[in-house]
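For the sequence shown, my numbering gives the first residue as -13, with consecutive numbering after it.
No residue lacks a Cβ here, since even glycine has one placed at the ideal position from N, Cα and C.
All of these numbers come straight from a predicted model, not from anything done at the bench.
Since the structure comes first, as structure tokens, the remarks are kept for the end.
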Amino acid sequence: MKEYKLESFIYYSKLTLDTNHILNSSTAEIQAKLDEYAKKGWRLASSNTASFGAAVYVYLYFERDAEF
């Protein structure tokens, strides 16, 4: 049996000439979360993004074997 977890992040767009500002600001935070879950035995099963207005939503789906 598997266990599942979801982590979500919201990043807001801002007026700037840097077209990669969301990517640049989110990379370290998302990598830290991936490292944190990996240490606890979780695997990244899937990811998804969505945009709505000035926001970008990032979803990370983790799984691991359930401990009984």
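May I ask you to verify whether the stretch 18 to 30 touches the stretch 2 to 10, counting CB pairs closer than 8 Å and requiring at least 3?
Because the criterion of three Cβ pairs below 8 Å is not met, the stretch 18 to 30 and the stretch 2 to 10 do not touch.
Which residues in the same chain as A40 place their Cβ atom closer than 6 Å to its Cβ, once the five residues preceding and following it in sequence are excluded?
Y(-2), S(-1)
Spatial distance of A14 from F(-5) (CA atoms):
12 Å
Within 8 Å, strictly: CB atoms of I8 and V42:
yes
DSSP puts D51 in a beta bridge; with which residues?
K(-12)
At the level of alpha carbons, what is the spacing between A52 and F38?
34 Å
Contact set for Y23: own chain, Cβ-Cβ below 6 Å, skip 5 residues either direction:
F48
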